[in-house]
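Plus 17 on top of the position in the sequence shown (first one is 1) and you've got my numbering. To start, the structure itself, in structure tokens.
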Amino acid sequence: MSEARKVVIVGGGIAGLTAAYTLWKRQVPFTLFEASERLGGVVRSESSGGFLLEAGPDSILAQKPEGLALCREVGLGPRLLPTNTDERKVYVVRNGRLHALPDGLMLMVPTRILPFLASSLFSWSGKLRMARDLVIPRRRDGADESIAEFMRRRFGEEALDLLGEPLMAGIHSGDPEKLSMRATFPRFVELEARYGSLVRGMLAARRGRRGAAGQAAFYSLQGGLAALVSALAARLPAAELRTGAAVRELTRVDGAWRVRLRSGEQVEACAVVVATPAQAAVELLAPLSADVGQTLAGIPFVSTAVVYLGFASKQVAHPLDGYGLLVPRRERLRSTAWSFFSTKYPGRAPQGQVLLRAFFGGARDPEILTLDDDALIALARSEAERLLGARGAPTLTRVYRWPRATPQMEVGHLGRVAQIEQRLSEMPGLFLTGAGLRSVGIPDGVADSTRVADAAASFVSESRP
Ligand SMILES: Cc1cc2nc3c(=O)[nH]c(=O)nc-3n(C[C@H](O)[C@H](O)[C@H](O)COP(=O)(O)OP(=O)(O)OC[C@H]3O[C@@H](n4cnc5c(N)ncnc54)[C@H](O)[C@@H]3O)c2cc1C
Numbered sequence: 018m019s020e021a022r023k024v025v026i027v028g029g030g031i032a033g034l035t036a037a038y039t040l041w042k043r044q045v046p047f048t049l050f051e052a053s054e055r056l057g058g059v060v061r062s063e064s065s066g067g068f069l070l071e072a073g074p075d076s077i078l079a080q081k082p083e084g085l086a087l088c089r090e091v092g093l094g095p096r097l098l099p100t101n102t103d104e105r106k107v108y109v110v111r112n113g114r115l116h117a118l119p120d121g122l123m124l125m126v127p128t129r130i131l132p133f134l135a136s137s138l139f140s141w142s143g144k145l146r147m148a149r150d151l152v153i154p155r156r157r158d159g160a161d162e163s164i165a166e167f168m169r170r171r172f173g174e175e176a177l178d179l180l181g182e183p184l185m186a187g188i189h190s191g192d193p194e195k196l197s198m199r200a201t202f203p204r205f206v207e208l209e210a211r212y213g214s215l216v217r218g219m220l221a222a223r224r225g226r227r228g229a230a231g232q233a234a235f236y237s238l239q240g241g242l243a244a245l246v247s248a249l250a251a252r253l254p255a256a257e258l259r260t261g262a263a264v265r266e267l268t269r270v271d272g273a274w275r276v277r278l279r280s281g282e283q284v285e286a287c288a289v290v291v292a293t294p295a296q297a298a299v300e301l302l303a304p305l306s307a308d309v310g311q312t313l314a315g316i317p318f319v320s321t322a323v324v325y326l327g328f329a330s331k332q333v334a335h336p337l338d339g340y341g342l343l344v345p346r347r348e349r350l351r352s353t354a355w356s357f358f359s360t361k362y363p364g365r366a367p368q369g370q371v372l373l374r375a376f377f378g379g380a381r382d383p384e385i386l387t388l389d390d391d392a393l394i395a396l397a398r399s400e401a402e403r404l405l406g407a408r409g410a411p412t413l414t415r416v417y418r419w420p421r422a423t424p425q426m427e428v429g430h431l432g433r434v435a436q437i438e439q440r441l442s443e444m445p446g447l448f449l450t451g452a453g454l455r456s457v458g459i460p461d462g463v464a465d466s467t468r469v470a471d472a473a474a475s476f477v478s479e480s481r482p
């Protein structure tokens, strides 16, 4: 492989692997360096006693097509596993009791009148306030605002407490008062700008997508999402996927990039794609530009814990007839959400058993990782009993800890990204992708790293002597 055309990719999570796959398709030589001993980053699937556990992500959102398209492209189409379309309920805890989200609710936007009116989740005054979305004028100044400000303005305080906080900010394990609406849910901002009302906008969008009715909203893979990591790796030259190889320093030398590993090894490259989460990129980019380093370091990351509990079905009083439940902050419990994992996807628990996945921590509970595994399991068991009537000793327990792994795109985030991009444009051949910059989640991460790798490939072909 020609050194003069080589691209070095830093990081072997989904972002780095997607970048490698994109370069490979364009026949651009690359080497990927991954600090840990395994590829996949936060994507990790494990089997234990007949249960299938996802340590990190468990679902790929269908509405953003890039994640599923990549799975199909690498031959995983037949292994795509839709969420159970018969049991789609999502519950929200209110005053200690579980209430199902009404049918037709699209994240925060009601699109079916009767189920919305009949819902026991919202009070009558809350419903009336949400209905005012139809008449409240659109915001015209184009300024960024928090999820909380947006929700209060369009749907009121109750919708913020019951949907905005546990569901929308909850997806990011974040604080709704801080997360940027434009960075995290740009589609809703666009719907408001275009239709003046989210309800009207969502109904119009749904009319345009009639064919998609009945399609699952999320997919996993048989054997778990790590199958995507293996399928990507299997297509790439094994010698160019270097694990246990942390990159320590990037320097520009004579119009090329010198990449120094923690081991001392050095590699020359025409271009570098840094495909690590924003916080891990700080160490590499700060010596090249103090501005970029500082701005990247200003993107906060929060810590979370995932706790699995397996039970014999008869130990759990609740029918677990849905995807899971959300726990609003005002309930004063420590879990933030629960997946009814064995209902959501088939093959996640042995016959006669169920699998629950509990989420803890995030911006709401920054101290969560100070608890040891036994304390986290005890907490999960006590809240599973209270919320779902799960009694007796679990047949499986497992804790996954995610210290500072979840990026927070706070108000003003898009401005900070523009600032970073401006500075990067002054460093030819240096490209940045990975969680927390322009993307969070698998579909957006795949889209961003594909675009960035394409830009790196074009740079390499234009620089060819
Ligand atoms: C608990 C949890 C649940 C989630 N659930 C979902 C979900 O259901 N659906 C969804 O779409 N998304 C979900 N996400 C988000 C999604 O998983 C991430 O956005 C995405 O996987 C991030 O991929 P990445 O490649 O950018 O980063 P990572 O997966 O973090 O990979 C980055 C890699 O870079 C390596 N690295 C860092 N520094 C260096 C260095 N100096 N040299 C070499 N290598 C380095 C790291 O070791 C790591 O392997 C979840 C995330 C978490 C933590």
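Note that the Cβ used here is the ideal one computed from N, Cα and C, for glycine as well. Source: prediction; values computed, not measured.
Assignment of ILE130 by DSSP, reduced to helix, strand and coil, places it in the helix class. Residue ranges of uninterrupted beta strand (DSSP E) with 3 or more members, entirely inside the segment 219 to 262 and ordered along the chain, are 235 to 238. Between ligand 1 and the CB of GLU51, the shortest heavy atom gap is smaller than 6 Å. DSSP assignment within the segment 348 to 391 yields the following whole beta strand (DSSP E) runs of 3 residues or more, N-terminal first: 352 to 357 and 370 to 378.
Shortest gap from the CB of SER190 to any heavy atom of ligand 1: 6 Å or more. For the pair ASP150 and ALA52, the Cα-to-Cα distance works out to about 48 Å. Of the heavy atoms belonging to ligand 1, at least one sits nearer than 6 Å to the Cβ of ILE31. Counting along the chain, the unbroken beta strand (DSSP E) around VAL109 starts and ends at 106 to 111. Taking 4 residues as the shortest admissible run, the segment 287 to 344 contains the following complete alpha helix (DSSP H) segments, listed from N- to C-terminal end: 295 to 302 and 307 to 314. Boundaries of the alpha helix (DSSP H) around VAL434: 430 to 441. In chain order, ARG22, VAL24, ALA474 and VAL477 place their CB closer than 7 Å to the CB of VAL45, counting only its own chain and leaving out the 5 sequence neighbours on each side. In the structure shown, LEU93 falls within a coil segment according to DSSP collapsed to helix, strand and coil. Excluding sequence positions up to five before and after PHE358, its CB lies within less than 7 Å of the CB of ARG365, LEU372, LEU373 and ARG374, all in the same chain and listed in chain order. Ranked by Cα distance from LEU337, the options GLN370, GLY429, ARG347 and ILE316 are led by GLN370.
Remark: three or more beta-carbon pairs, one from each stretch, lie closer than 8 Å, so the segment 190 to 210 and the segment 428 to 442 are flagged as touching. Proximity of the segment 132 to 151 to the segment 213 to 228 meets the contact definition, three or more beta-carbon pairs being nearer than 8 Å. Here the alpha carbons of GLN283 and TYR325 stand approximately 42 Å from one another. The criterion of a C-beta distance shorter than 7 Å is not satisfied by ARG279 and ARG259. Relative to ligand 1, the nearest heavy atom lies less than 6 Å away from the CB of TRP419.
With respect to the C-alpha of HIS335, the residue from GLU71, ALA186 and THR360 having the closest C-alpha is THR360. Per the DSSP secondary-structure output, LEU393 pairs with nothing in a beta bridge. Within its own chain, the residues whose Cβ lies closer than 8 Å to the Cβ of ALA176, once the five positions on either side in sequence are excluded, are MET125, PHE139, GLY143, ARG146, MET147 and MET168, listed in chain order. Counting along the chain, the unbroken beta strand (DSSP E) around GLU63 starts and ends at 62 to 65. Under a 10 Å Cβ-count criterion, LEU122 is classified as buried, with 16 or more other Cβ atoms of the shown protein chains found around its own Cβ. Just so you know, the alpha carbons of TRP355 and GLY281 end up roughly 45 Å apart.
One thing to note: LEU413 has its Cβ within 7 Å of the Cβ of GLY66. Put simply, the segment 415 to 425 touches the segment 309 to 321. At least three CB pairs are less than 8 Å apart.
Across the structure, GLU207 and ALA222 are spaced so that their CA atoms are roughly 11 Å apart. For ILE188, the secondary structure class from DSSP, reduced to helix, strand or coil, is helix. A distance criterion of 6 Å places the beta-carbon of GLY378 beyond contact range of ligand 1, judged by its closest non-hydrogen atom. GLY451 is positioned such that its CB atom lies closer than 7 Å to that of ALA32. DSSP places LEU208 in the uninterrupted alpha helix (DSSP H) bounded by 203 to 212. Beta-bridge partners of GLY409 (DSSP): none assigned.
Counting other Cβ atoms within 10 Å of its Cβ, TRP274 reaches 16 or more and is therefore classed as buried.
Remark: three or more beta-carbon pairs, one from each stretch, lie closer than 8 Å, so the segment 56 to 65 and the segment 240 to 253 are flagged as touching.
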